[in-house]
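What follows is one structure encoded as structure tokens, with my remarks underneath.
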Amino acid sequence: MATDSAIADIAICGAGPVGLTLALHLVKCGVPAARIALIDAKTLEQTVHDPRSIALSYGSRQILERAGAWPIAATAIEQIHASRRGQFGRTLIDCADYRLPALGYVTRYGAIVAALHAGAAQAGIRTLRPARLCALQEQDDGVTLQLEDAGGPRTLHAQLVAQAEGGVFSEQAAKALHRDYDQVGLIAHVTCSAPLAQRAFERFTEEGPLALLPQHNGYALVWCCRPARADQLLQLDEPAFLAALQQAFGHRLGTFCSSSARLAYPLGLNAHPAATARTVTIGNAAQTLHPVAGQGLNLGLRDAAVLARLLAKQPAPAGLAAFQRARQDDRGRTIRLTDALARVFASAADDAPSQALLGLSLGLLDAAKPVKRLLAQQMLFGLR
Numbered sequence: 015m016a017t018d019s020a021i022a023d024i025a026i027c028g029a030g031p032v033g034l035t036l037a038l039h040l041v042k043c044g045v046p047a048a049r050i051a052l053i054d055a056k057t058l059e060q061t062v063h064d065p066r067s068i069a070l071s072y073g074s075r076q077i078l079e080r081a082g083a084w085p086i087a088a089t090a091i092e093q094i095h096a097s098r099r100g101q102f103g104r105t106l107i108d109c110a111d112y113r114l115p116a117l118g119y120v121t122r123y124g125a126i127v128a129a130l131h132a133g134a135a136q137a138g139i140r141t142l143r144p145a146r147l148c149a150l151q152e153q154d155d156g157v158t159l160q161l162e163d164a165g166g167p168r169t170l171h172a173q174l175v176a177q178a179e180g181g182v183f184s185e186q187a188a189k190a191l192h193r194d195y196d197q198v199g200l201i202a203h204v205t206c207s208a209p210l211a212q213r214a215f216e217r218f219t220e221e222g223p224l225a226l227l228p229q230h231n232g233y234a235l236v237w238c239c240r241p242a243r244a245d246q247l248l249q250l251d252e253p254a255f256l257a258a259l260q261q262a263f264g265h266r267l268g269t270f271c272s273s274s275a276r277l278a279y280p281l282g283l284n285a286h287p288a289a290t291a292r293t294v295t296i297g298n299a300a301q302t303l304h305p306v307a308g309q310g311l312n313l314g315l316r317d318a319a320v321l322a323r324l325l326a327k328q329p330a331p332a333g334l335a336a337f338q339r340a341r342q343d344d345r346g347r348t349i350r351l352t353d354a355l356a357r358v359f360a361s362a363a364d365d366a367p368s369q370a371l372l373g374l375s376l377g378l379l380d381a382a383k384p385v386k387r388l389l390a391q392q393m394l395f396g397l398r
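Residues in the sequence shown are numbered consecutively from 15, following the numbering used here.
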């Protein structure tokens, strides 16, 4: 049974996209790879085979480029069409208006991890996996982590710990800002008869947003609805499910032709970007968001990039205090935006007067160019 002890300047709990990005940006900023330790409870094989579709903003592409993890297999999003089901008014965001090659990209979670892991391995960053964090004890001059892996218990001493493993909303302990949206996200890959290349759709319904993101020869579907409705949709056979999707979305993409197997998970807001003198939370560990507008991972990648830059300038605790100040506005603005979109557009029936006004507001957004630009700026780049 192993009982060995190791030392690191920075221990990162969670070797997903956010944790790996932090590690690689630290190296790019001059932190020796040998002084970084990545810890993850899953095997690499489990993570790289994760088939979930992920929407990356153009700003996130830039962060991955600086980490040396781009290009990856991805489908570009050049336009985003947002509308309210059953109401007039829509807004269209086009990358050409911002002189960008794309607004964002759709890829697999596993593909992002594979590219980042390859960079971490080449840089010589230590990765302990599968290893479970059993206990963490903070002292004045550092942190002691008690780990468990296949060889038995291990101890790791670090100057600071970045917690980047948040998990999913339904498995998290409630944080200071906690909201159950009474919505379930149903995900699948669908094909249709008249796809529009590089255009993503966000359609707001009385139960929650329905997103179609261009990917491969079809679309990654994220359909947010009430739990009872999600149960019904999961039980339908493929033709009946496609008919239900057709009724909810309409015929902008022709006829829906096929669907992959469907999965569903509860949705909520759970946020408390905590930090002490020697520990800090980033990504989903700091803020788990509703998937509307696809901001969760993008916000986490901005966390990682800023934390690396500040830690390279000044160690804990000053570096962590500077990070909390630097990220307060971007985190707060993104949380408020996704929370409002998740709740307001699903607060009344499609034919309610309030929803007609909300639908009209999407149309007015097209005319209010400065406001539209500010919204696009937040979605694409946030405040880094």
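Yeah, the Cβ is synthetic: ideal placement off N, Cα and C, and Gly gets one too.
- If you check the CB distance, A145 and L161 come in under 9 Å.
- In terms of Cβ geometry, G30 and T57 do not form a close pair [threshold 9 Å].
- Out of A128, A244, D196 and K386, the CA that lies nearest to the CA of S184 is found in D196.
- Inter-residue distance for R323 and I21 is about 22 Å (C-alpha atoms, whole angstroms).
- Here L210 carries a coil assignment [DSSP, helix/strand/coil].
- If you compare the alpha carbons of P287, S19, T105 and L159 with that of R345, the shortest gap goes to P287.
- In this structure, A69 lies away from A262, with their beta-carbon atoms at least 9 Å apart.
- I296 is not a Cβ neighbour of L40, given a cutoff of 9 Å.
- Under the three-pair Cβ rule at 8 Å, the segment 66-81 counts as touching the segment 124-136.
- Within the segment 112-195, the beta strand (DSSP E) runs of at least 3 residues that lie entirely inside it are, in chain order, 118-122, 140-142, 145-153, 156-163 and 166-177.
- Rounded to the nearest whole angstrom, the CA to CA distance from G222 to T169 is 45 Å.
- A direct Cα-to-Cα measurement between D54 and P46 gives close to 20 Å.
- Rounded to the nearest angstrom, the gap between the Cα atoms of R49 and G138 is 10 Å.
- When the beta-carbon positions are compared, R316 and I77 come within less than 9 Å of each other.
- Judged by DSSP secondary structure, R240 falls outside any beta strand (DSSP E); it is assigned neither H nor E.
- Following the DSSP letters along the chain, one finds A285 inside the beta strand (DSSP E) bounded by residues L277 to A285.
- In the DSSP assignment, R104 falls within the unbroken beta strand (DSSP E) covering R104 to D108.
- Look at E79 here: in three-state DSSP terms it is helix.
- Residue environment: H230 is assigned as exposed (fewer than 16 neighbouring CB atoms within 10 Å of its CB, all protein chains considered).
- A straight-line Cα-Cα distance of about 8 Å links A257 and F270.
- The beta-bridge partner set that DSSP reports for C271 is empty.
- Note on geometry: alpha-carbon atoms of L130 and V358 lie some 37 Å from one another.
- Take Q212, set aside five residues on each side of it, and the residues of its chain with a beta-carbon closer than 8 Å to its own are T89, A90, I91, E92, Q93, A116 and P228, in chain order.
- For R292, same chain residues with a beta-carbon under 6 Å away, outside a window of 5 residues either side, are E152, V157, L174 and A330 in chain order.
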